[in-house]
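See below for the structure under consideration.
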Amino acid sequence: MPKHDTPLLDELEKGPWPSFVTDIKRQAATKPECWDILGQLELSYRDKITHWKHGGIVGVFGYGGGIVGRYSDVPTKFPGVAHFHTVRLNQPSGMYYSTAKLRAICDLWQKYGSGMTNMHGSTGDLVLLGTTTPNLEPLFYELTHNLNQDLGGSGSNLRTPSCCLGKSRCEWACIDTQAVCYAMTMKYQDEIHRPAFPYKFKFKFSGCPNDCVASIARSDLSVIGTWRDNIRIDQAAVKKYLSGEYKSNAGAHSGRDWGKFDIKKEVINLCPTKCMHMEGDTLKIDNAECTRCMHCINVMPRALRPGAEQGATILVGAKAPILDGAQFATMIIPFMKVDAENEFEDLVNIIEGIWDWWMENGKNRERVGESIQRVGLPTFLKVLNVEPIPQHIKEPRSNPYIFWEAEEVEGGWDRDVREFRKRHAQ
Amino acid sequence: MAMSKEELKAAILKKAQTAAKPQLYVKDFYECDPESKPRDVKNAANDLVKEGKMDFWSSGSTTMYAAKGRAKDEEHRG
Ligand code: HEM
Ligand code: HEM
Ligand code: SF4
Ligand code: SF4
Chain R
2 MPKHDTPLLD ELEKGPWPSF VTDIKRQAAT KPECWDILGQ LELSYRDKIT HWKHGGIVGV
62 FGYGGGIVGR YSDVPTKFPG VAHFHTVRLN QPSGMYYSTA KLRAICDLWQ KYGSGMTNMH
122 GSTGDLVLLG TTTPNLEPLF YELTHNLNQD LGGSGSNLRT PSCCLGKSRC EWACIDTQAV
182 CYAMTMKYQD EIHRPAFPYK FKFKFSGCPN DCVASIARSD LSVIGTWRDN IRIDQAAVKK
242 YLSGEYKSNA GAHSGRDWGK FDIKKEVINL CPTKCMHMEG DTLKIDNAEC TRCMHCINVM
302 PRALRPGAEQ GATILVGAKA PILDGAQFAT MIIPFMKVDA ENEFEDLVNI IEGIWDWWME
362 NGKNRERVGE SIQRVGLPTF LKVLNVEPIP QHIKEPRSNP YIFWEAEEVE GGWDRDVREF
422 RKRHAQ
Chain D
-15 MAMSKEELKA AILKKAQTAA KPQLYVKDFY ECDPESKPRD VKNAANDLVK EGKMDFWSSG
45 STTMYAAKGR AKDEEHRG
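Protein sequences appear in the order of chains R and D.
To get our numbering, take the position in the first sequence, counting from 1, and add 1.
For the record, in the second sequence the residue sitting at position 10 is -6 according to our numbering, with numbers rising by one throughout.
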């Protein structure tokens, strides 16, 4: 495959940063089709339009997801990328791999694909970029038989669930994110591998409100670890922060001299609900007002810890469509136990309640967050049998009306519309 | 009463073969039997793919269904 002239792309090799152009040129030494990636991209830079097409019936037998068909719209110019399908692999919970596994995946991809990978795609999958239709089945055979590695989700499937590293390394984790992520992945294999919904559906699990997998922004169902008792305070350690013996933020910002630690300026005044104060050198927290933002805990991890009664908050409906704009997930259930002992029963009930409703009521290509916007949160809460609480409200009232249903008012009422219309024209 | 699985599959396949558009959303099959639950319709449609009578057509973000031979890869479009 001939080398192409790429003056525009070459500009991207001149900066001090690592360059994907240099990487792809290096890859072209063993995979000449990579020259055609550069050639086609150079053409796109000149034409100011993409030359990729995507979509089609490509896949592996029995699966309706995991492979995204991708084609060049100028295949005669760039035959090396005439087919350039993307393969998604289900990453392990917390994204831990042995080096042996990574090497084996890379070797396999060097054999059947372009050798180019993307770790990790925003769904969480390990993404293998660029192969041809005839290579898909042999690749899949070796992945599943030799590497014990499955594909992830794509299309209108449940997307590959993902989680933060949770209890494996992080003492803030309030739920075992890896356990619940793995359990839901295994339970919903059919939904991951075959289309099940009007559109995509994503789960993500974070162990605490720091939300390291950004589940609140990226998932239709976001599970975020939290606590419902009090933040655990070690007052002796608070004093060591005050005296400077312990570095704030675990020393993370020590590259510069920020002056003496000032608990008022750096913690108390930044508490979003203003629920902290000092009595002498004792730190007090009004836990009923704490919104579990994690700020104080992040700054003074040796003095403050999440409470001991732990579970998760369930949020629904994040999305990032280009036209309507991005939307964070809405808090639906403030606290729920997330226990392996009952096979995550409460969570499963919520998940399946949402699916049953959304499959019936969601429109084609409408994320569940958009369906909720369309019908209104009160309707959605009723579907899930969740009692409305003040925390469901996004902002103070702007609508002066309250609509009561007869069964919500003691005694109820009977209404005869025809009788009413005799006196009141429509 | 909801259709049996075989009746449902036959109705879905008929719709996929005769609809004006070659590619249909799973929701388009709900009307094949309004009594069947969406999940049963989805499972019946997926069974037809397993049996080789329909294909999945995926854009990457959404998946549609087509009777065997009716859908095309982007490769073959203009
Ligand atoms: C220059 C002429 C007018 C001015 C400056 C004016 C101004 C206002 C204002 C400030 C309000 C209160 C709005 C609110 O509560 O937010 C109001 C309400 C109202 N005005 Fe006028 N008005 C004018 C003419 C009229 C006329 C000619 C009519 C009837 C034919 C009328 C009927 C009403 C009614 C029925 C309301 C109550 C609406 C409601 O409560 O929903 N107004 N007007
Ligand atoms: C085409 C003409 C009119 C239209 C489209 C119209 C429309 C409306 C609407 C939308 C409201 C608010 C109803 C609600 O929010 O519940 C309203 C309220 C009202 N309108 Fe009209 N209106 C018209 C003419 C008039 C006229 C000519 C009068 C009096 C001479 C009038 C008297 C009122 C009054 C008193 C209210 C307030 C009722 C209340 O607050 O309970 N309207 N109108
Ligand atoms: S989300 Fe919380 S528990 Fe998970 S890794 Fe981040 S800080 Fe730790
Ligand atoms: S977690 Fe956030 S809201 Fe709660 S006390 Fe700390 S700073 Fe305030």
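Just so it is clear, CB atoms sit at the ideal spot from N, CA and C, and this is done for glycine as well.
Model, not experiment: these values are computed from the prediction.
Residue nearest to residue i in terms of C-alpha spacing, selected from the options
| i | options | result |
| --- | --- | --- |
| R/Y72 | R/G66, R/I58 and R/G65 | R/I58 |
| R/N158 | D/K52, D/S42, D/K21 and D/A55 | D/S42 |
| R/A304 | R/P322, R/E371 and R/L284 | R/L284 |
| R/A197 | R/N365, R/T145 and R/R416 | R/N365 |
| R/C297 | R/E280, R/N362, R/L166 and R/V268 | R/V268 |
| R/R375 | R/P76, R/P33 and R/G363 | R/G363 |
| R/R257 | R/K248, R/D74 and R/D415 | R/K248 |
| R/W36 | R/P17, R/D48 and R/D11 | R/D11 |
| R/P76 | R/K102, R/H84 and R/V69 | R/H84 |
| R/P3 | R/G125, R/A30 and R/D126 | R/A30 |
| R/L144 | R/H121, R/G122, R/C107 and R/S244 | R/C107 |
| R/L109 | R/D126, R/H146 and R/P93 | R/H146 |
| R/Q179 | R/L385, R/I286 and R/K205 | R/K205 |
| R/P322 | R/E367, R/G412 and R/Y242 | R/E367 |
| R/N149 | R/E290, R/C175 and R/A101 | R/A101 |
| R/D357 | R/L140, R/P17 and R/V384 | R/V384 |
| R/N136 | R/G60, R/L324 and R/T124 | R/G60 |
| D/M(-15) | D/A29, D/T47, D/P18 and D/D12 | D/P18 |
| R/L9 | R/S45, R/Q28 and R/G281 | R/S45 |
| R/I232 | R/T161, R/N386, R/I351 and R/C294 | R/C294 |
Rounded distance between the beta-carbons of residue j and residue i, thought under 8 Å
| i | j | result |
| --- | --- | --- |
| R/N211 | R/G153 | About 25 Å; that fails the 8 Å criterion. |
| R/K320 | R/E371 | 6 Å |
| R/A309 | R/V339 | In fact, because the Cβ distance is near 15 Å, the residues do not count as touching under 8 Å. |
| R/I225 | R/L316 | 7 Å |
| R/R174 | R/F345 | Per the sequence shown, residue 174 of chain R should be read as Ala rather than Arg. Actually they are not in contact, since the Cβ atoms of R/A174 and R/F345 sit about 16 Å apart, beyond 8 Å. |
| R/S429 | R/G125 | Beyond the ends of chain R as shown, which are 2 and 427, falls residue 429 of chain R; an answer cannot be given. |
Through-space distance from residue j to residue i, alpha-carbon basis
| i | j | result |
| --- | --- | --- |
| R/H55 | R/F329 | 28 Å |
| R/Q1 | R/D230 | This structure cannot speak to residue 1 of chain R, because chain R is shown only from 2 to 427. |
| R/G81 | R/D24 | 17 Å |
| D/A(-6) | D/N27 | 13 Å |
| R/E138 | R/M332 | 42 Å |
| R/Y64 | R/H194 | 5 Å |
| D/Y9 | R/M360 | 12 Å |
| R/G318 | R/P33 | 43 Å |
| R/G413 | R/A407 | 4 Å |
| R/Y113 | R/F79 | 19 Å |
| D/P6 | D/M38 | 11 Å |
| R/K168 | R/P93 | 15 Å |
| R/L166 | R/F262 | 30 Å |
| R/P17 | R/R398 | 52 Å |
| R/H278 | R/I286 | 7 Å |
| R/W228 | R/Q236 | 20 Å |
Cβ of residue i within 7 Å of any chain D Cβ
| i | result |
| --- | --- |
| R/M117 | no |
| R/H55 | yes |
| R/E361 | yes |
| R/N1 | As displayed, chain R neither begins before 2 nor continues past 427, which places residue 1 of chain R out of reach and without an answer. |
| R/V22 | no |
| R/V75 | no |
| R/A373 | Note that residue 373 of chain R is Ile in the sequence shown here, rather than Ala. Not closer than 7 Å to any Cβ of chain D, the Cβ of R/I373 fails to qualify, so no. |
| R/I355 | no |
| R/I58 | yes |
| R/G65 | yes |
| R/V384 | no |
| R/V61 | no |
| R/V376 | no |
| R/V69 | yes |
Test: residue i CB closer than 7 Å to a CB of chain R
| i | result |
| --- | --- |
| D/T2 | no |
| D/A(-14) | no |
| D/S20 | no |
| D/A28 | no |
| D/D39 | yes |
| D/G62 | Residue placement at D/G62 cannot be trusted, given a pLDDT of 46 that sits under 50; what the coordinates show is reported in the next sentence. So no, D/G62 is outside the interface. |
| D/D24 | no |
| D/A51 | no |
| D/K(-7) | no |
| D/D31 | no |
| D/D17 | no |
Cβ-heavy atom distance, residue i to ligand 6, below 6 Å
| i | result |
| --- | --- |
| R/G125 | The model depicted lacks ligand 6 and carries ligand 1, ligand 2, ligand 3 and ligand 4 instead. |
Near-chain D residues of the segment 182 to 203 of chain R (beta-carbon distance less than 9 Å), N- to C-terminal order: D191, R195, P196, A197, F198, P199, Y200 and K201
Chain D contacts made by the segment 150 to 162 of chain R, where a contact means CB separation under 9 Å: S155, G156, S157 and N158
Chain D contacts from the segment 85 to 109 of chain R (Cβ-Cβ distance under 7 Å): none
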